[in-house]
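These notes concern the structure reproduced below.
There are 2 protein chains.
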Amino acid sequence: MPERDLIRAFERILRVRSERVLLASGDDAAVVRAGGVAVTSVDAIVEGVHFELDTHSPGDVGHKALAASLSDLAAMGAEPGEAYVVLGTPASFGESRAIELVEAMESLAERSGVTIAGGDVIAAPALTVSVTVVGWAGGERDLTYRQGAEPGHLVGVTGALGGSMAGLLLLRGADADLDEAERDALLLRHRRPEPQLAVGAALTEAVVGAMIDVSDGIAADAGHIAERSGVSVEVRLGELPLAAGVEAVARAAGRDPLELAASGGDDYELLFTAAPDRRETVESTARAAGATVTWVGSVSAGAGVRLVGPDGRPVELSGYEHP
Amino acid sequence: MPERDLIRAFERILRVRSERVLLASGDDAAVVRAGGVAVTSVDAIVEGVHFELDTHSPGDVGHKALAASLSDLAAMGAEPGEAYVVLGTPASFGESRAIELVEAMESLAERSGVTIAGGDVIAAPALTVSVTVVGWAGGERDLTYRQGAEPGHLVGVTGALGGSMAGLLLLRGADADLDEAERDALLLRHRRPEPQLAVGAALTEAVVGAMIDVSDGIAADAGHIAERSGVSVEVRLGELPLAAGVEAVARAAGRDPLELAASGGDDYELLFTAAPDRRETVESTARAAGATVTWVGSVSAGAGVRLVGPDGRPVELSGYEHP
């Protein structure tokens with residue numbers, strides 16, 4: 001199917017869902033009414049590097065590519081706006097799978113209030129999806145950055161960790177004794193992670209100090225906050241909220257569950273810091289946005305991340321894993 | 001070289017060149033002060049599809065990827081703003097070539113007043129460069145669209161055509177009798193096309209009707225204007241301004257020079273329509289911005305493109321070529 005026809009097929013799927021979008025396709029560029037500050041992030045995923053088509057459906061791939069970008073907007077507390085997509089497909093991929101991919105992307109866009117306002121379709125040796133997302137905020141003070149952590153802050157995380165990595169281990173054949181619902185939830189967490197847009201916006205309003213999405217694993221992402229903020233971040237592994245089934249999958253794969261939860265990426269939960277006197281405000285704000293908060297550490301003067309095991313001893317991770 | 005180190009190397013090369021850019025790297029997203037309308041376009045090029053590394057240096061590739069996107073902003077008459085780049089490289093590509101690619105991109109960004117404000121570096125089976133550019137304008141009326149052509153308008157084009165395609169034919173071994181300077185100019189036009197940003201902005205101020213950049217070849221691009229404007233566009237091939245050497249290269253390759261100029265893409269000149277009473281204003285405005293204008297056709301009621309040969313007879317092209 002010629003690229004031009006595929007673009008037409010996509011245009012029939014995609015909807016404009018904001019009055020901000022003045023021109024979404026058919027010209028040299030999209031035109032969007034702008035104001036305040038634009039918050040922009042790009043992400044790309046490639047078959048054989050970030051996913052395999054024998055474990056991910058075309059819809060999973062489309063979802064994952066957009067979700068990864070939107071998760072960056074969530075981590076800034078920006079209002080999601082527009083997405084621009086480059087889809088690179090091998091000739092063997094075919095029209096129906098390309099449409100399935102874009103439909104899943106549009107479905108996430110709809111839930112997130114996002115308009116896919118432009119894009120390009122090209123031939124490529126491996127399936128490649130590159131997504132640029134633009135979010136909006138009134139001004140730069142209405143966002144949360146990695147650099148806002150201060151000594152004395154508490155470290156919190158939303159939701160549960162390790163689910164995406166456990167889902168990947170299941171796909172790779174880990175033989176864990178799980179009930180069907182737990183298994184499905186872990187696979188879903190790996191294949192269709194949800195960006196925490198409402199929670200990120202709510203936490204920003206609750207004036208958290210620093211925030212980042214958990215994409216490289218909480219240990220590495222705590223390191224990004226520490227580096228940008230010029231502080232030391234302590235994370236107590238024994239406090240980490242593990243997703244249901246993570247422990248069983250980790251043991252089946254011969255892994256330590258806490259280390260897996262600390263190093264496994266792509267959970268797309270939010271890791272943040274907050275002054276102790278904001279503890280209850282943060283908890284109730286997150287709850288109202290549909291998320292639980294677990295306090296897992298603290299910020300002090302210094303540099304880098306200190307991981308502390310349940311026995312109180314320091315833990316070294318060999319690296320981070322990016323499913 | 002780990003992707004993280006390569007990103008650091010790129011951050012040392014890239015410069016912020018607008019006060020609009022509040023945060024360019026190191027966080028989850030870039031933050032840019034916004035206003036008026038944002039004009040956004042995405043383009044991607046892939047090794048083996050859009051270029052070959054035995055004819056294009058890494059710098060050519062970086063230049064070409066950014067130039068293609070900026071040309072879309074030129075065609076809208078938008079002020080160039082920020083670029084976001086996803087660089088996908090095979091392991092064999094290596095650090096020094098990746099840096100050469102980004103340096104060429106930064107060099108074009110500097111000439112264009114653009115800040116490369118964010119990006120991503122990933123592993124990919126073939127060299128892939130995906131670029132999102134954002135331009136700015138006061139409002140949607142301060143831009144020129146493909147849809148503004150009206151019956152009675154003249155059709156004009158900037159600069160000279162066929163150069164990129166002739167350069168490609170030379171790279172593929174066409175044996176034309178050219179002097180060194182002509183040959184170099186054709187190769188340069190193919191490898192390092194310049195987006196006509198100043199000219200596009202000037203033509204927009206001179207109130208041209210419709211505008212598009214010549215990326216698919218003037219015949220196909222006139223078709224895009226005809227379709228979006230709901231008009232018929234006539235292009236007289238005998239009037240097309242051929243780049244020096246195009247005729248010799250076309251003949252050496254057994255091709256008709258006018259058809260080559262009409263169907264060969266990636267010249268990144270601007271094709272536009274204007275009311276006859278604006279003819280002199282358009283010419284003097286373009287001249288002030290450093291471009292010549294050639295009038296090559298006219299707009300009438302109807303649909304589609306009519307190509308007319310030097311003998312006054314209709315010409316059919318077999319398709320368009322995208323080098």
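Just so you know, the protein sequences line up as chains W and X, in that order. Going by my numbering, the first residue of the first sequence is number 1, and it counts up by one from there. Going by my numbering, the first residue of the second sequence is number 1, and it counts up by one from there. Every residue, glycine too, gets a C-beta built ideally from N, C-alpha and C. A quick note: this is a predicted structure, and the numbers were derived from the prediction, not measured.
Legend entry - DSSP three-state assignment for proline 58 of chain W, whether helix, strand or coil: Within the first sequence, the letter at position 58 stands for residue 58 of chain W. In the structure shown, proline 58 of chain W sits in a helix (DSSP, three-state: H, G or I).
Inset, instruction - With 8 Å as the limit, tell me which residues of the segment 95-127 of chain X have their beta carbon closer than that to any beta carbon of chain W; keep them in chain order. - result: Within the segment 95-127 of chain X, the qualifying residues are Ala117, Gly118, Gly119, Asp120, Ile122, Ala123, Ala124, Pro125 and Ala126.
Legend entry - Reduced DSSP category for glycine 312 of chain X - H, G, I as helix; E, B as strand; rest coil: Working through the second sequence from its first residue, we reach residue 312 of chain X at position 312. The answer is coil: DSSP assigns glycine 312 of chain X none of H, G, I, E or B.
Inset, instruction - Keeping to the same chain, check which residues put their C-beta closer than 7 Å to that of leucine 314 of chain W; ignore five residues upstream and five downstream. - result: Taking the first residue of the first sequence as 1, we reach residue 314 of chain W at position 314. Leucine is not the amino acid found at residue 314 of chain W; the sequence shown has proline there. For proline 314 of chain W, where only same-chain residues beyond five positions count, the Cβ hits under 7 Å are Arg306, Leu307 and Val308.
Legend entry - chain C contacts from the segment 31-42 of chain X (Cβ-Cβ distance under 9 Å): Absence of chain C from the displayed structure is noted, the protein chains being W and X.
Legend entry - Proximity below 8 Å, CB of valine 246 of chain W to CB of glycine 162 of chain W: Translated into positions along the first sequence, residue 246 of chain W becomes position 246. Translated into positions along the first sequence, residue 162 of chain W becomes position 162. Contact flag set, yes.
Legend entry - Secondary structure of arginine 189 of chain X, DSSP reduced to three states: Indexing the second sequence from 1 puts residue 189 of chain X at position 189. Three-state DSSP puts arginine 189 of chain X in a helix.
Inset, instruction - Identify, in the order they occur along the chain, each residue of the same chain with its Cβ nearer than 6 Å to the Cβ of arginine 20 of chain X, setting aside the five sequence neighbours on each side. - result: Taking the first residue of the second sequence as position 1, residue 20 of chain X is located at position 20. These residues qualify, in order along the chain: Val32 and Arg33.
Inset, instruction - Tell me whether the beta-carbon of alanine 210 of chain W lies closer than 8 Å to the beta-carbon of threonine 273 of chain W. - result: Here residue 210 of chain W refers to the residue found at position 210 when the first sequence is read from its first residue. Here residue 273 of chain W refers to the residue found at position 273 when the first sequence is read from its first residue. For alanine 210 of chain W and threonine 273 of chain W, yes; Cβs fall inside 8 Å.
Legend entry - Three-pair Cβ contact test at 8 Å for the segment 135-146 of chain X versus the segment 55-62 of chain X: no
Legend entry - Residue range of the alpha helix (DSSP H) that includes aspartate 43 of chain X: Along the second sequence, read from residue 1 onward, the residue named residue 43 of chain X stands at position 43. Note, aspartate 43 of chain X: premise wrong, no alpha helix (DSSP H); beta strand (DSSP E) at 37-46.
Inset, instruction - With 7 Å as the C-beta to C-beta threshold (strictly closer), list the residues of the segment 196-229 of chain X near chain W in chain order. - result: Ile212, Asp213 and Arg228
Legend entry - Any 3 or more C-beta pairs closer than 8 Å across the segment 293-307 of chain W and the segment 180-190 of chain W: no
Legend entry - Min CB distance leucine 143 of chain X to chain W below 8 Å: Within the second sequence, residue 143 of chain X is the residue found at index 143, counting from 1. Yes - at least one Cβ of chain W is within 8 Å of the one on leucine 143 of chain X.
Legend entry - Residue environment, alanine 166 of chain W, which counts as buried when at least 16 other CB atoms sit within 10 Å: Here residue 166 of chain W corresponds to residue number 166 of the first sequence, with the count starting at 1. The C-beta of alanine 166 of chain W has 16 or more other C-beta atoms within 10 Å across all chains shown, which makes the residue buried.
Inset, instruction - Determine contact between the segment 173-180 of chain X and the segment 259-275 of chain X, defined as no fewer than three beta-carbon pairs at a distance below 8 Å. - result: Segments in contact, no.
Inset, instruction - List the residues that DSSP assigns as beta-bridge partners of leucine 307 of chain X. - result: For the purposes of this step, residue 307 of chain X is taken as the residue at position 307 of the second sequence. Under DSSP, leucine 307 of chain X forms a beta bridge with X/Val235 and X/Val315.
Legend entry - Short CB-CB distance (under 8 Å) between glycine 88 of chain W and chain X: Numbered from its first residue, the first sequence carries residue 88 of chain W at position 88. Output row for glycine 88 of chain W: interface = yes.
Inset, instruction - Examine the ligand ZN and report whether any of its heavy atoms sits within less than 7 Å of the Cβ of glycine 62 of chain X. - result: With respect to small molecules bound, the structure shown includes none, and the ligand ZN cannot be examined in it.
Inset, instruction - Ignore the nearest five residues each way along the sequence and tell me which others in valine 16 of chain W's own chain have a CB closer than 8 Å to its CB. - result: Looking up residue 16 of chain W in the first sequence gives position 16. Same-chain partners within the cutoff: Ala24, Thr115 and Ala117.
Inset, instruction - Go ahead and pull the three-state DSSP assignment for leucine 108 of chain W. - result: Along the first sequence, one-based indexing puts residue 108 of chain W at 108. In this structure, leucine 108 of chain W counts as helix in the three-state DSSP scheme.
Inset, instruction - Select from X/Asp311, X/Ala288 and X/Val235 the residue whose C-alpha is nearest the C-alpha of valine 157 of chain X. - result: Within the second sequence, residue 157 of chain X is the residue found at index 157, counting from 1. Taking only the C-alpha atoms, the option nearest valine 157 of chain X is X/Val235.
Inset, instruction - Answer with yes or no whether the minimum CB distance from arginine 251 of chain X to chain W is below 8 Å. - result: For the purposes of this step, residue 251 of chain X is taken as the residue at position 251 of the second sequence. So no, arginine 251 of chain X is outside the interface.
Legend entry - CB contact below 8 Å: threonine 158 of chain W versus chain X: If you number the first sequence from 1, residue 158 of chain W lands on position 158. Threonine 158 of chain W does not count as touching chain X.
Inset, instruction - Enumerate in chain order the residues of its own chain whose CB-to-CB distance from proline 310 of chain X is below 6 Å, with the five nearest sequence positions on each side excluded. - result: Here residue 310 of chain X refers to the residue found at position 310 of the second sequence. So the list reads Gly238, once near-sequence residues are dropped.
Inset, instruction - Could you tell me whether the Cβ of threonine 273 of chain X comes closer than 8 Å to any Cβ of chain W? - result: Here the question's residue 273 of chain X lines up with position 273 in the second sequence. So, not an interface residue.
Inset, instruction - With 8 Å as the threshold, decide whether the Cβ of valine 49 of chain W is near any Cβ in chain X. - result: What you label residue 49 of chain W is simply residue 49 of the first sequence in a count that begins at 1. It does: the Cβ of valine 49 of chain W has a partner Cβ on chain X nearer than 8 Å.
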